[in-house]
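Engineer: The structure follows.
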Amino acid sequence: MRRSGEMPLGCLACRLAPSAKHSDVVIASQATSYSYPMKRFAPSAERNQQPIGDVFSRYLRNCTSVLEIASGTGQHAVHLAASLPHLTWQPSDVDFDNVDSIKAYVAEADLPNLRAPIELDVTGEWPRIACDAVVCINMVHISPWHASEGLLRGASQCLPVGAPLLLYGPYIIDGDYQAQSNVEFHQWLRRRNPAWGVRELRDVEREAKKWGFTLADVQAMPANNHTVVFRRTT
Ligand SMILES: C[S@@+](CC[C@H](N)C(=O)[O-])C[C@H]1O[C@@H](n2cnc3c(N)ncnc32)[C@H](O)[C@@H]1O
């Protein structure tokens, strides 16, 4: 696992993001409580957690246990576990500092259905986890393409046929960036790391097919983001 200080993955990028729309500022030990100093805070997570919860709840209605990939600060895990109490929520991240932050949020929230985070790098071996849904918010564009490949491979190995894989973030759809701000965000990501960038949904769909997933739905979300719903069909 990595410390964000060692390898500037998503959350470091978030700190530096230029546009208010996409900015995902993560400030360690700021705007957090004295009891839980490891908590990080992302204003974007605060803004988008409600719309994400509203849309995700439709697809997670018949599920029992969710593996969240790239949980970041842990804010989404707490919000989603609290608003979907029928689900057991398993957060995870590759980054040490994020895992510490998630641990602090989990301890503070003290929810019966929210598990302690696990270390999970989507590009490596996935631990054996029983789950009937996988969700991944804002990782696909802030990681190299092989992370998306790893996500789809790993999700196919742990999900049963019929189970949903929910992705959230900005996407290019059939060549359309959906908004000028997404073009600028893509350019900014590329400057930060040439392997990052807003992905073409059809590329993700093509890769997903290799791993037995079918694109089931695409929902427009605030700030030109999308929820992308795959189902494991084979
Ligand atoms: C922009 S942050 C998003 C965090 C959170 N989901 C949110 O929306 O606030 C990107 C996240 O992807 C994670 N990440 C990047 N590469 C990863 C990998 N190979 N495996 C697992 N997580 C990864 C980072 O550690 C970070 O938490």
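Using the working numbering, the letters of the sequence shown map in sequence onto residues 5 to 238.
Just so it is clear, CB atoms sit at the ideal spot from N, CA and C, and this is done for glycine as well.
(1) What separation, rounded to the nearest whole angstrom, lies between the Cα atoms of Phe45 and Ile177?
(2) Identify every residue that forms a DSSP beta bridge with Ala137.
(3) Just mark Arg62 as buried or exposed, buried being the case when its beta carbon has 16 or more other beta carbons within 10 Å.
(4) For Glu211, which of helix, strand or coil comes out of DSSP?
(5) Just to confirm the assignment, what range does the alpha helix (DSSP H) spanning Arg157 have?
(6) Does DSSP put Lys144 in a helix, a strand or coil?
(7) Tell me which same chain residues have a C-beta within less than 8 angstroms of the C-beta of Met225, skipping the five on either side of it?
(8) Extract the residue ranges of the alpha helix (DSSP H) inside the region 54-115, only unbroken runs of 4 or more that lie entirely within it.
(9) Answer yes or no: do Asp97 and Leu124 have a C-beta to C-beta separation smaller than 9 angstroms?
(10) Using only the heavy atoms of ligand 1, determine whether one of them is closer than 8 angstroms to the beta carbon of Thr238.
(11) From Cys15 to Ser69, what distance separates their C-alpha atoms?
(12) Could you say which of Lys214, Leu88 and Ala199 lies nearest to Ile146 if we only look at CA atoms?
Structural biologist: This is what the structure holds:
(1) 30 angstroms
(2) Val70
(3) exposed
(4) helix
(5) Taken as a continuous stretch (DSSP letters only), the alpha helix (DSSP H) holding Arg157 covers Trp149 to Cys162.
(6) Looking at the sequence itself, residue 144 is Val, so the reference to Lys does not match. Correct three-state label for Val144: coil.
(7) Asn52, Pro55, Ile56, Val59, Tyr172 and Thr231
(8) Counting whole runs of 4 or more residues, the region 54-115 contains the alpha helix (DSSP H) stretches 79-87 and 100-113.
(9) yes
(10) Every heavy atom of ligand 1 is 8 angstroms or more from the Cβ of Thr238, so no.
(11) Unreliable positioning characterises Cys15 in this predicted model, as indicated by a pLDDT of 46, which lies under 50. The coordinate reading is nonetheless provided below. Whole-angstrom Cα-Cα distance: 26 angstroms.
(12) Ala199
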